[in-house]
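Protein chains: 2
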Amino acid sequence: MPKRNCQGQGWWHGKFRGCGYRLTAGREVILDILSKSQGHLSAEDIYMKVHPKYPNIGLTTIYRTLDVLSNLGMVYKLDFGDGRARYEFAEGPKGAHHHHHLVCTDCNRVVDYADFINEEIELLRQTEKGLGAKYNFKITDHVIQFYGLCGKCSTKK
Amino acid sequence: MPKRNCQGQGWWHGKFRGCGYRLTAGREVILDILSKSQGHLSAEDIYMKVHPKYPNIGLTTIYRTLDVLSNLGMVYKLDFGDGRARYEFAEGPKGAHHHHHLVCTDCNRVVDYADFINEEIELLRQTEKGLGAKYNFKITDHVIQFYGLCGKCSTKK
DNA sequence: CTCCTTAATGAAAATGATTTCCATTTCTAA
DNA sequence: TTAGAAATGGAAATCATTTTCATTAAGGAG
Chain A
131 MPKRNCQGQG WWHGKFRGCG YRLTAGREVI LDILSKSQGH LSAEDIYMKV
181 HPKYPNIGLT TIYRTLDVLS NLGMVYKLDF GDGRARYEFA EGPKGAHHHH
231 HLVCTDCNRV VDYADFINEE IELLRQTEKG LGAKYNFKIT DHVIQFYGLC
281 GKCSTKK
Chain B
131 MPKRNCQGQG WWHGKFRGCG YRLTAGREVI LDILSKSQGH LSAEDIYMKV
181 HPKYPNIGLT TIYRTLDVLS NLGMVYKLDF GDGRARYEFA EGPKGAHHHH
231 HLVCTDCNRV VDYADFINEE IELLRQTEKG LGAKYNFKIT DHVIQFYGLC
281 GKCSTKK
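From first to last, the protein sequence lines are chains A and B.
Note that the first sequence covers residues 131 to 287 in the working numbering.
Note that the second sequence covers residues 131 to 287 in the working numbering.
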């Protein structure tokens with residue numbers, strides 16, 4: 131079980147090899163699905179999309195591959211608090227993309243928002259710096275999420 | 131299984147009765163433990179503290195009680211991404227207290243921070259308002275968490 | 001104070017996402 | 001080609017949380 135830490139080097143092609151991972155058929159398929167899908171897919175969502183074409187790729191491999199991709203920074207692993215992780219293809223090098231979400235606690239719909247992002251990022255940068263110094267933390271990531279009821283769910287009650 | 135929504139009324143005593151819940155011995159014990167403990171306890175942590183004195187209170191009851199308390203707004207349910215929920219006694223009415231955290235991804239230590247809180251809260255207020263209007267969401271909660279390595283964990287590597 | 005309805009309880013079983021095990025297959029570098 | 005390391009899939013294991021179900025207890029009515 132390799133535990134390499136190989137983030138922030140080159141990009142995409144050759145990244146696997148460069149980090150000592152093998153770019154297998156299964157991994158390419160999963161990466162392909164992810165790069166073509168919009169939104170946030172669970173491991174099982176991915177399995178469902180992969181299975182019809184490649185029935186010999188098991189759910190275990192999906193999980194393992196997602197773990198590798200996440201380590202490589204090619205995929206973000208997201209937690210919306212409903213007990214199942216979601217994965218999102220990373221369009222560029224880690225850190226370039228901010229993923230802030232608005233989650234409906236009733237239907238689990240997720241909105242990726244980009245509004246207010248600039249102010250947020252600026253505040254985050256400062257806070258991260260300040261907190262890191264004060265509490266001696268090496269901060270690597272953050273989560274900002276708003277929870278509530280979406281239009282449909284709040285009217286249907 | 132009652133599903134009452136009874137937040138934001140009176141406070142503490144009489145809250146149970148007022149919402150149609152019974153104030154049982156088990157619930158009082160759990161509430162007592164929570165109010166006296168500093169920090170974030172998991173269901174099992176609470177079970178461990180309760181069990182010596184009240185060995186007849188089962189883990190199931192802990193879970194059920196935490197659910198009720200959380201519904202009543204007397205306890206916050208927190209998710210630090212390690213697959214087990216933590217609970218924190220709510221010192222006052224819901225919304226009065228902001229709980230922002232700094233989490234070590236290695237040892238799971240959690241720092242509650244209050245620095246930068248004012249700027250954060252102000253930005254949150256604006257963002258919440260703006261997002262709620264734009265995406266027609268009734269926003270009720272938010273999560274802000276920073277992840278990284280604490281001093282100990284980043285040096286021991 | 002006692003009765004009665006209904007909520008609350010505990011133990012054990014079920015759930016469901018994720019991991020681990022292990023025997024087999026596939027790469028890859030020499 | 002060939003040995004050694006990685007990757008794989010299926011089944012079994014994990015582990016926090018929930019559900020089931022038969023039993024107990026709370027608390028309002030009388």
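All C-beta atoms, glycine included, are put in the ideal place defined by N, C-alpha and C.
Discussion item. Per the DSSP calculation, residue 218 (chain B) is bridged to which residue(s)?
Written reply: B:206
Discussion item. Counting only Cβ pairs nearer than 8 Å, list the residues of chain A close to residue 217 (chain B).
Written reply: In chain order: nothing, as chain A lies at least about 15 Å away.
Practice prompt. Check whether the Cβ atoms of residue 165 (chain B) and residue 246 (chain B) sit closer than 7 Å, and answer yes or no.
Written response: no
Worksheet item: What in chain B is Cβ-close to residue 280 (chain A), meaning under 9 Å?
Response: 265, 266, 267, 268
Fill in: Of the listed residues B:257, B:216, B:234, B:268, nearest to residue 234 (chain A) (C-alpha basis)
B:268
Worksheet entry | Euclidean distance between Cα positions of residue 198 (chain B) and residue 174 (chain B) | 17 Å
Worksheet item: Would a C-beta distance cut-off of 7 Å place residue 283 (chain B) and residue 236 (chain B) closer than the cut-off?
Response: yes
Discussion item. Taking the alpha-carbon of residue 242 (chain B) as reference, which of B:221, B:264, B:275 has the nearest alpha-carbon?
Written reply: B:275
Discussion item. Distance cutoff 7 Å, beta carbons only. Does residue 168 (chain B) sit that close to anything in chain A?
Written reply: no
Worksheet item: Does residue 209 (chain A) have its Cβ less than 7 Å from a Cβ in chain B?
Response: yes
Worksheet item: What residue range is occupied by the uninterrupted alpha helix (DSSP H) comprising residue 146 (chain B)?
Response: 145–148
Worksheet item: List, in order along the chain, the chain B residues whose C-beta lies closer than 7 Å to that of residue 241 (chain A)?
Response: 265
Discussion item. I want to see whether chain B comes within less than 7 Å of residue 284 (chain A), judged by CB atoms only; does it?
Written reply: yes
Practice prompt. Can you say whether residue 257 (chain B) is buried or exposed, counting buried as having 16 or more other CB atoms within 10 angstroms of its CB?
Written response: buried
Item to complete: List the residues of chain A that residue 272 (chain B) touches, going by C-beta distances under 8 Å, in chain order.
Response: 274, 275, 276, 277
Worksheet item: Of the choices A:248, A:270, A:160, whose alpha-carbon is the least far from that of residue 189 (chain A)?
Response: A:160
Worksheet item: Looking only at C-alpha atoms, which of B:271, B:239, B:167 sits nearest to residue 266 (chain A)?
Response: B:239
Item to complete: Name the one or two DSSP bridge partners that residue 231 (chain A) has.
Response: A:242, A:275
Worksheet item: Can you tell me whether residue 285 (chain A) is buried or exposed, with buried defined as 16 or more other CB within 10 angstroms of its CB?
Response: exposed
Discussion item. Using a Cβ-Cβ distance cut-off of 7 Å, determine whether residue 135 (chain B) contacts chain A.
Written reply: Confidence at residue 135 (chain B) is low in this model, with a pLDDT of 47, below 50, so the placement of that residue should be treated as unreliable; the coordinate-derived value is given next. It does not: the Cβ of residue 135 (chain B) has no partner Cβ on chain A nearer than 7 Å.
Worksheet item: Anyone know if the C-beta pair for residue 209 (chain A) and residue 277 (chain B) falls short of 7 Å?
Response: no
Worksheet entry | Own chain residues within Cβ distance below 6 Å of residue 156 (chain A), not counting five before or after | 187, 191
Fill in: Collapsed DSSP secondary structure at residue 286 (chain B) in the structure displayed
coil
Discussion item. Suppose the cutoff is 7 Å on Cβ atoms and the five residues either side in sequence are ignored; what does the same chain contact list for residue 216 (chain B) look like?
Written reply: 170, 171, 172, 208, 210
Worksheet item: Does residue 246 (chain A) get closer than 7 Å to chain B when you measure Cβ to Cβ?
Response: yes
Worksheet entry | Residue nearest to residue 231 (chain B) in terms of C-alpha spacing, selected from B:162, B:280, B:200 | B:280
Discussion item. Residues in the same chain with beta-carbon distance under 7 Å from residue 87 (chain A), minus the five sequence neighbours each way, listed in chain order, please.
Written reply: Residue 87 (chain A) falls outside the range modelled here, since chain A spans only 131 to 287, and no answer is possible.
Item to complete: With DSSP collapsed to three states, give me the class of residue 261 (chain B).
Response: helix
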